[in-house]
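Participant: Take this structure first; my questions come after.
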Amino acid sequence: MLCERIMPQTLHHLVPRTTWKKLKKRLPETWALPADADAKTIDDFVHKTVSICRPCHSMIHSTHDELTLALHYFTLARLLDDPTIRKFCAWATKQKDVYSTNARMQFKR
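Here it is, written out as structure tokens:
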């Protein structure tokens with residue numbers, strides 16, 4: 032989670048799906064995976080997702096194009112290293128929570 036608001040969550044692919052075909056060929060050097068990484072390891076890596084709120088999700092995709100996200104921001108920690116995203120998340124954390132039954136259920140998962 033990037034911000035700490037309780038609200039409906041969306042799944043963000045840390046490696047955007049539109050880049051999978053292009054970047055799988057350049058593995059493992061793109062993401063510093065072991066040289067002998069097998070197909071399952073690579074698939075597991077590109078399929079990783081994080082739950083984030085819609086405003087944070089939109090901010091991520093408006094800040095960087097998908098190839099940049101895939102090459103440089105493929106972990107939650109790396110996303111938070113970006114000053115623009117970090118600043119937005121700090122602001123979003125201070126905003127009012129959006130309470131709903133679904134949001135509370137998703138938050139508890």
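Under the working numbering, read the sequence shown as residues 32 to 140, first letter to last.
Every residue gets a Cβ at the ideal spot worked out from N, C-alpha and C, and that includes glycine.
Model, not experiment: these values are computed from the prediction.
1. With DSSP as the reference, please indicate the residues paired to Val81 in a beta bridge.
2. What's the gap between the Cα of Cys84 and the Cα of Met38?
3. Specify the secondary structure class of Leu36 as computed by DSSP and reduced to three states.
4. Count the other C-beta atoms from every protein chain shown that fall within 10 angstroms of the C-beta of Thr141, then say buried if there are 16 or more, exposed otherwise.
5. Arg140 to Asp112, Cα distance in whole Å?
Facilitator: So, from the data block:
1. His43
2. 7 Å
3. Looking at the sequence itself, residue 36 is Arg, so the reference to Leu does not match. Arg36: coil per DSSP, three-state reduction.
4. Only positions 32 to 140 of the chain appear in this structure, which leaves residue 141 out of reach.
5. Unreliable positioning characterises Arg140 in this predicted model, as indicated by a pLDDT of 49, which lies under 50. The coordinate reading is nonetheless provided below. Cα-Cα distance, rounded: 25 Å.
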